[in-house]
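First comes the structure, then the notes that go with it.
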Amino acid sequence: MRVIAGSAGGVPLRIPVHDARATMDRVRGAVFSALGEKVPNARVLDLFAGSGAFGIEALSRGAAEAVFVDDNRKAIEVIRVNLEKTRLAGQVIRRDVFRFVEACDTEFDIIFADPPYVKHREDRDFAKELCVLPALKKSLAADGIFVLEQPAARSFNIAPGWQLLRARRYGGTEILFLARTPFMPAQE
3 MRVIAGSAGG
13 VPLRIPVHDA
23 RATMDRVRGA
33 VFSALGEKVP
43 NARVLDLFAG
53 SGAFGIEALS
63 RGAAEAVFVD
73 DNRKAIEVIR
83 VNLEKTRLAG
93 QVIRRDVFRF
103 VEACDTEFDI
113 IFADPPYVKH
123 REDRDFAKEL
133 CVLPALKKSL
143 AADGIFVLEQ
153 PAARSFNIAP
163 GWQLLRARRY
173 GGTEILFLAR
183 TPFMPAQE
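In the working numbering, the protein residues as written are 3 to 190.
Here it is as structure tokens:
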């Protein structure tokens, strides 16, 4: 895995040695191609950050800042190493993603989330929990984009308050691009 483009393009990234699944370079490349001009000068939040690849790619492509959140100690260590290797700077936070979002008082232009996949019926559905969390919508700028990675084979009902801008499948991965639904006052 490597940084695809920008100031750190080509720099290899480490992957945490735990039950993390790294997003393939071609998928990340497609995501950033779709985001285009939203990335330069953006404030970026990378949730379930793992290696930090999404946030680091954004910084490499000119994002103004990136915040990386993961509750796994090994992931946090790897993100710090990857930032050092790429000579990029970001805020790295070891905390439960949901607690972080609930306490967050910052708006971000782009939020990436690559939660653990649901593999068995009894597994916790982090993606669904995140989408119904009111604080997540508050953390996204009015014209911001929420990029959610999930397994392609899984059906996903978009939670109220979100609109699907696009969905793309890449092998066993699906990327959803979501935006906040604009508030519409009740008509009298």
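The beta-carbon is built from N, C-alpha and C at its ideal position, and this holds for glycine as well.
Residue i to residue j span [Cα, whole Å]
i           : j           : result
residue 53  : residue 83  : 9 Å
residue 183 : residue 27  : 30 Å
residue 160 : residue 174 : 19 Å
residue 3   : residue 87  : 13 Å
residue 29  : residue 172 : 7 Å
residue 98  : residue 10  : 28 Å
residue 15  : residue 5   : 7 Å
residue 166 : residue 79  : 34 Å
residue 8   : residue 89  : 12 Å
For residue i: DSSP bridge partner residues
i           : result
residue 55  : Answer by DSSP bridge pairing: none, since residue 55 is not bridged.
residue 175 : 153, 172
residue 14  : 4
residue 95  : 71
Burial state of residue i (16 or more Cβ within 10 Å)
i           : result
residue 146 : buried
residue 18  : buried
residue 134 : exposed
residue 152 : buried
residue 154 : exposed
C-beta atoms of residue i and residue j nearer than 7 Å
i           : j           : result
residue 38  : residue 48  : no
residue 177 : residue 33  : yes
residue 41  : residue 60  : yes
residue 109 : residue 68  : no
residue 116 : residue 179 : no
residue 118 : residue 128 : yes
residue 44  : residue 125 : no
Contact the segment 62-76 vs the segment 139-158: 3+ CB pairs below 8 Å: Contact fails: fewer than three Cβ-Cβ distances are below 8 Å.
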